[in-house]
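Chains as they are written, first to last, in this note's numbering: chain A, 15 to 135; chain B, 15 to 135.
Contents: one structure, followed by commentary.
There are 2 protein chains.
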Amino acid sequence: MPTASEQLEIDLKAKLFRGFGDPSRLCILDALRVTPLTVSQLVEATDLTQSNVSNHLGCLKDCGLVMSQQSGRYVTYRLSDDRVAELLELSESFLADIARGIYECTRYDMQDDESETTLKD
Amino acid sequence: MPTASEQLEIDLKAKLFRGFGDPSRLCILDALRVTPLTVSQLVEATDLTQSNVSNHLGCLKDCGLVMSQQSGRYVTYRLSDDRVAELLELSESFLADIARGIYECTRYDMQDDESETTLKD
DNA sequence: TCAGCATATCAGCATATGATGATATGATAT
DNA sequence: ATATCATATCATCATATGCTGATATGCTGA
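Next comes the structure, spelled out in structure tokens:
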């Protein structure tokens, strides 16, 4: 039972993680990890619709993950902080080690999906 | 336009982050950061329904964020890896610095929600 | 064996989310 | 001025998600 201000912080953290929690947005973030890009460059890089990219960029900006800079009719987006890339790297390192089981499990249709993450007594 | 295997990795990463992307689950994870807990202890700690906690734990386990250990009729859950806590810490550090603006902005009903994350030319 | 506790699962619902196509905004160049 | 390009926004829809209450499973101790 968290206090009200703890709950606020938790909600904010959830919003932050949810920013990362969509394949299209991760795809955009991956592209921005290399270099800042305009919306149309992102459309090309990700194969998503322009409107879709724009919506996701709005979301990413709301979450504080990217920032934008307008020059003329172009808007260039970039990661807002080094920790955005750090979070991505940490999650990749984690996945590479721990969640390898999830990869392999899905091939077998999850028939014993307990075995990987459950500790036997 | 990511390749098929890149897309798989992206989907997996999205699933991982989505595990973090819900207030109830963050609440559970926060409790587990301190010490491993049984389901009923988590119910008490979080003020969520038993069925709700159980569902979220299932999700967290699917995402590889927690692991479980059954002893008798109790099931104890714990974080599956140090990097789970690291991801939480990193996100907190990030929020503390960068997203302070989001906190303050919401009080004013977002009427100029551009100012915080946009770079002026 | 059976009653009772801890946990998991299910069906149903309300809401959130993401995709799409159409349209609006806003800047530039001719 | 206006046509055009880059981006943002809107309405709509389908699906995903999270919550609840009820029920099922599964262990334990009397």
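The beta carbon of each residue, even a glycine, is placed where N, CA and C say it ideally should be.
Since the structure is predicted, the reported quantities are computational estimates derived from the model, not experimental observations.
Here alanine 110 of chain A is exposed, its C-beta having fewer than 16 other C-beta atoms within 10 Å. When Cβ pairs closer than 8 angstroms are counted between the two stretches, the stretch 60-79 of chain A is seen not to touch the stretch 40-58 of chain B, the count staying below three. Assignment of arginine 92 of chain A by DSSP, reduced to helix, strand and coil, places it in the strand class.
Scanning A:Arg47, A:Ala99, A:Leu93 for the CA closest to the CA of aspartate 76 of chain A turns up A:Leu93. Each residue's CA atom was taken as its position, placing glutamate 100 of chain A and leucine 104 of chain B some 8 angstroms apart. Sixteen is the threshold: when 16 or more other Cβ atoms of the shown chains lie within 10 Å of the Cβ of aspartate 36 of chain B, as they do, the residue is buried. Interface annotation, arginine 32 of chain B: in contact with chain A, CB-CB separation under 8 angstroms. By DSSP's assignment, threonine 52 of chain A forms a beta bridge with A:Thr90. Spatial neighbours of valine 89 of chain B in its own chain (CB-CB distance under 8 angstroms, excluding positions within 5 residues in sequence) are listed in chain order as Thr52, Val53, Ser82, Gln83. When beta bridges are read from the DSSP output, serine 85 of chain B appears opposite B:Tyr88. For valine 48 of chain A, the number of other beta carbons within 10 angstroms of its own is below 16, and it is reported as exposed.
Just measuring C-alpha positions, the residue of B:Asp25, B:Ser38, B:Gly78 sitting nearest glutamine 21 of chain A is B:Ser38. Interface with chain A (8 angstroms Cβ-Cβ cutoff): cysteine 41 of chain B is included.
By the rule that beta-carbons nearer than 8 angstroms mark a contact, serine 94 of chain A touches chain B. Taking a 10 Å sphere around the C-beta of alanine 28 of chain B, we find 16 or more other C-beta atoms and assign the residue as buried. Beyond the five residues adjoining it in sequence on each side, isoleucine 24 of chain B comes within less than 7 angstroms, by CB distance, of Pro16 in the same chain, given in chain order.
Going by beta carbons, leucine 74 of chain B and glycine 33 of chain B fall inside the 8 angstroms limit.
In this structure, the CA atom of valine 98 of chain B is about 10 angstroms from the CA atom of leucine 30 of chain B.
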